[in-house]
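Position 180 of the sequence shown, counting from 1, maps to 179 under numbering that gives the first Met the number 0, and the rest follow consecutively. Note that the Cβ used here is the ideal one computed from N, Cα and C, for glycine as well. Here is the structure we will look at, set down as structure tokens.
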Amino acid sequence: MTAGGPGPGRTVLLTGAGGQVGRRLRRHLPGYGWRLRLLDQRPIPDAETDDCLVGSVLDDDTLRAAVSGVRAIVHLAAIPGEAPWPDLLSNNLDATFRVFETARRAGVARVVFASTNHVIGFSDRDRMTGPDDPVRPDSFYAATKAFGEALARFYADEYGMEMACIRLGSCVERPTIVGHLATWLSARDEAALVHACLSAPDLQFATVFGISDNTRARWDLESARRLGYRPRDNAEEYAEELLEAARHDDRAARASGFREARKELGLGPVPRGPAQGDIGAPGCRS
Ligand SMILES: NC(=O)c1ccc[n+]([C@@H]2O[C@H](COP(=O)([O-])OP(=O)(O)OC[C@H]3O[C@@H](n4cnc5c(N)ncnc54)[C@H](O)[C@@H]3O)[C@@H](O)[C@H]2O)c1
């Protein structure tokens, strides 16, 4: 089985197509020649195509209809964060098994699985982490994604399917906090990475990190580059403004902490010093 690049039969199923990541992929992935079939448990009011199914991946009939005739699947549908265990059990664990198994039975060659950077959330942040470093999930949610990665490996080894796991970073339009300087994945790089996973020749199994070409990255992009990923964006472009905003917030937090501490000690507001020019060296400021 092989997926190859776009060409005849280039339809790709996006599960969870109505969500944040799905919306971005719907915008950018068709530019690579892929035709999209959308599946989500909620209607997608702004869907760009009629090839659209509303239903859960937990429903066998819906899922069978969704995978029929597609070249590959990008499996996004999940609860994307910490949630009560029964919800994670069905939407993240069982759903992932059903998607992989239905793909196998339908002869769909390739599946791209949306994992998360949180599977290595407890790794040492002072050094570069690669895809072969031990999994260290930082939540129950992350543990469900680690299971999805292990299951993908099993389907590759046991059934010869072509499986790619993307440990997505921060899928936001632009970096908004200092942490994003390392973890940002721009929308166009996200599509470029998914396209690389969909079209790389000779793929059997790959784990890649999903980030842009960020100067401050702590996750190794080498395995993604081997699939042909060439990121074009870099969060560093936003560094100056984000670091300045963080310095400002820090000063404000310290000032507010100082005021709170005085209040707790019953000291009241800081008394105003003498008017400038009364005493002290010229130019001296409090
Ligand atoms: N957004 C990020 O920064 C980020 C980071 C790391 C990983 N991820 C992963 O990427 C994927 C997409 O995340 P997102 O941010 O778009 O989440 P989202 O919640 O915005 O979208 C998920 C979509 O999946 C659908 N869905 C959930 N369960 C379903 C089911 N059983 N059947 C059919 N549809 C179902 C939801 O209705 C929703 O539209 C998730 O697997 C998430 O864990 C996202």
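E235 versus S67: straight-line alpha-carbon distance, rounded: Here residue 235 refers to the residue found at position 236 of the sequence shown. Here residue 67 refers to the residue found at position 68 of the sequence shown. The straight-line gap from Cα to Cα measures roughly 42 Å.
Where D156 falls, given that 16 or more other Cβ within 10 Å makes a residue buried: For the purposes of this step, residue 156 is taken as the residue at position 157 of the sequence shown. That one is exposed.
Proximity test, Cβ basis, 9 Å: A195 and chain D: Chain labels in this structure do not include chain D; a single protein chain is all it has.
Rounded C-alpha distance that separates T14 from L220: Working through the sequence shown from its first residue, we reach residue 14 at position 15. Working through the sequence shown from its first residue, we reach residue 220 at position 221. When rounded, the distance between both Cα atoms is 25 Å.
CB contact flag (G17, D39, <9 Å): Within the sequence shown, the letter at position 18 stands for residue 17. Within the sequence shown, the letter at position 40 stands for residue 39. Yes, the pair counts as a contact, with Cβ atoms nearer than the cut-off.
C-beta atoms of K144 and A216 nearer than 9 Å: The residue labelled residue 144 in the question sits at position 145 within the sequence shown. The residue labelled residue 216 in the question sits at position 217 within the sequence shown. No, they are not a contact pair.
Within 9 Å, strictly: CB atoms of F99 and M162: Within the sequence shown, the letter at position 100 stands for residue 99. Within the sequence shown, the letter at position 163 stands for residue 162. Yes; because the gap between Cβ atoms is below 9 Å, this pair is in contact.
Proximal residues to A82 (C-beta, below 6 Å), its chain only, five neighbours per side dropped: Indexing the sequence shown from 1 puts residue 82 at position 83. Excluding sequence neighbours, A82 sits near nothing in its chain.
Chain-order list of residues whose beta-carbon lies under 7 Å from that of C170 (same chain, five-residue window excluded): If you number the sequence shown from 1, residue 170 lands on position 171. Result list for C170: Q19, V20, R23, L184 and E189, in chain order.
Bridge partners - C164, DSSP secondary structure assignment: Reading the sequence shown from its first residue, position 165 is the one you call residue 164. Paired residue(s): F112 and T206.
CB contact flag (P29, L35, <9 Å): Along the sequence shown, read from residue 1 onward, the residue named residue 29 stands at position 30. Along the sequence shown, read from residue 1 onward, the residue named residue 35 stands at position 36. Closer than 9 Å, so yes.
Under the three-state DSSP convention, the category C196 falls into: Within the sequence shown, numbered from 1, the residue matching residue 196 stands at position 197. Looking at C196 - three-state DSSP - the assignment turns out to be helix.
Euclidean distance between Cα positions of L150 and R250: As a first step, residue 150 must be located in the sequence shown, where it is residue number 151. As a first step, residue 250 must be located in the sequence shown, where it is residue number 251. About 47 Å.
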